[in-house]
Every structure is written in structure tokens, then in C-alpha cells.
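Residue 209 in the working numbering sits at position 177 of the sequence shown, and the numbers go up by one each step.
Just so it is clear, CB atoms sit at the ideal spot from N, CA and C, and this is done for glycine as well.
Right, one structure below, let's go through it.
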Amino acid sequence: TTRKNASRNHHVYRDFMAKVVSQREVFGKGSIHLMLHRLAIIGASAIVWRLVPSITAQLTALQPRQICLISWALAKAKVFDNDFNEKLVLWLQSVDPGELSKLDAAHLAWSYARRAEIAKTENQSPLGPQELQCLRRLIVVHGSSSREQDGRVGEAYISESHSSSTLLKAAADLFPKDLGLFTELSDTIRAAVEGDEFSFASQELTALWISTSIIGTSHRT
């Protein structure tokens, strides 16, 4: 997927995608989330749709980090399947936020914020109160802590600024009226930056600015 200007009509691309679908068991449970992530990145939504039934059937057997990335991938590809969503909601209601890394939480929160955004523009049903309650708890647990607590220091450092900005943006999108939540997350980020725990790239700074704008607009209306 790093090749540029590669045509989707190229026979190599078509042959590979056909094998992805027909031989999906080759990827197994250990790497299916990574395959979906790359398919979403290149915009292969049609292929993602064809893989959804298989993914849905094995969802509860996957690791939390896999489920979070799969949710991200489907949202990125704009693939919203009712059966998958129903299973995902049940999992969301049962999972302990502490079982997830901060990056996992960011992937999951972003995916739901994306769903909520598309639901508004396409007149789809909004997220339910139970989903929102679970998501708020998830964001509070991981957004109010500037460091991972499970010892994965290397992974945490690499993803820290990205995860923090993503969680803040998801909070603004999902809970634009919740000034208390936004303030808590913002204070955590500010303390981390002042403590030189991490810095932000331009894309992450843009997410922070948009988040602040969303909250500001929400409280002016």
C-alpha cells in the first residue's frame, strides 16, 4: 500500500484482492486486523464489505486490540454493517477499559466518533445512550492519564501524542456539551506538554484546534 499512483485496475491489484477474499483464512486471527487496516487506508471498501461476515463471526474470539483496530478500519472505510455493529456494542458494554491500551482506546473512540459524524449527514440512527455511556467511561479512563500504566513504555511513548489528540477530538465530537470532560482531558494534555512528556505533530495540533473549536461553538449556541 506504499506504492503511489498504482491503478486499482491493474491485474496484480485485482488478483491480490481476489485472493484476500477467497483465501481470507490464510491471514488467520493473528493478522486480520492489520489486513483490514491496510485495506481501509487504500480505500478498498468493497473488499472490506466482503470480509465483514467472516470478521463478525469471529469477533468475540479476537483480542481487544484487534477489535479496536478493526472498528477503526471499518469506520475509515465507511463500512457499517448492522450485524457487526450489534456485536461490537455488546463487546463495548462488556469490556473493561483497563484491558485496553491508550492507543486501543483512541482507535475505538475515533471509530465511534466517525460513525456518529456519518450518521448525522446521512440521516442514520444516532449512537444509543448505552454506547455513549461506555465511550465516555473509556475516554475518561485513558484521556485523563498522560502515561500508560501497563509497562509498555516504548509503545506508549510512540503513540502518546497521537492517542491524546485523538481522544480529545473524539470527546469533542461525541460530547460537545460536556465542558467538564473536555476541560479534564485538556488539563491532562497541558500538564504532559509542560512536563515535556511529549510534543505534537502538525496533524495532532490540528486535531486539538478543531476540538477546541467544536467545544467553543457548542457553548456559544
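What separation, rounded to the nearest whole angstrom, lies between the Cα atoms of Lys108 and Ile102? Along the sequence shown, read from residue 1 onward, the residue named residue 108 stands at position 76. Along the sequence shown, read from residue 1 onward, the residue named residue 102 stands at position 70. Rounded to the nearest angstrom, the two C-alpha atoms are 10 Å apart.
Grab the span of the alpha helix (DSSP H) containing Leu159 for me, first residue to last. Your numbering for residue 159 matches position 127 in the sequence shown. Premise fails: Leu159 is in no alpha helix (DSSP H) and is neither H nor E.
Under 8 Å by Cβ, that's how I've got Thr198 and Ala141 pegged, so tell me the actual separation to the nearest angstrom. If you number the sequence shown from 1, residue 198 lands on position 166. If you number the sequence shown from 1, residue 141 lands on position 109. A Cβ-Cβ distance of about 7 Å is found for the pair Thr198 and Ala141, placing them in contact under the 8 Å criterion.
So, His194 versus Ala137, is the Cβ gap smaller than 8 Å? Position 162 of the sequence shown, counting from 1, holds the residue named residue 194. Position 105 of the sequence shown, counting from 1, holds the residue named residue 137. No.
Assign His65 to one of two classes, buried (16 or more other C-beta atoms within 10 Å of its C-beta) or exposed (fewer than that). Locating residue 65 in the sequence shown gives position 33, counting from the first residue. Flag for His65 reads buried.
On the three-state DSSP scale, how would you describe Arg184? Mapped onto the sequence shown, residue 184 falls at position 152. For Arg184, the predicted model reports a pLDDT of 48, less than 50, meaning its position is unreliable; a value from the coordinates is still stated below. Note: Arg184 maps to coil in three-state DSSP.
Terminal residues of the continuous alpha helix (DSSP H) containing Leu122? Within the sequence shown, numbered from 1, the residue matching residue 122 stands at position 90. It spans Asn114 to Ser126 - the alpha helix (DSSP H) in which Leu122 sits, taken as one unbroken run.
Tell me whether the beta-carbon of Val84 lies closer than 8 Å to the beta-carbon of Leu71. For this step, residue 84 is matched to residue 52 along the sequence shown. For this step, residue 71 is matched to residue 39 along the sequence shown. No. Outside cutoff.
State the DSSP-derived secondary structure class of Glu229, mapped to helix, strand or coil. Numbered from its first residue, the sequence shown carries residue 229 at position 197. Residue state, collapsed to three classes: coil.
Contact between the stretch 195-215 and the stretch 237-244 is defined here as three or more beta-carbon pairs at a separation below 8 Å; is this criterion met? Contact between the stretch 195-215 and the stretch 237-244 is present: three or more C-beta pairs spanning the two stretches fall below 8 Å.
Three Cβ pairs or more, each shorter than 8 Å: is that satisfied between the stretch 160-172 and the stretch 119-134? The answer is yes - the stretch 119-134 touches the stretch 160-172, with three or more Cβ pairs under 8 Å.
Just to confirm, is the Cβ distance from Pro129 to Leu170 under 8 Å? Locating residue 129 in the sequence shown gives position 97, where the first residue counts as 1. Locating residue 170 in the sequence shown gives position 138, where the first residue counts as 1. Result yes, Cβ atoms of Pro129 and Leu170 sit closer than 8 Å.
Could you compute how far the alpha carbon of Glu149 sits from the alpha carbon of Arg252? Here the question's residue 149 lines up with position 117 in the sequence shown. Here the question's residue 252 lines up with position 220 in the sequence shown. Computed Cα separation, rounded: 20 Å.
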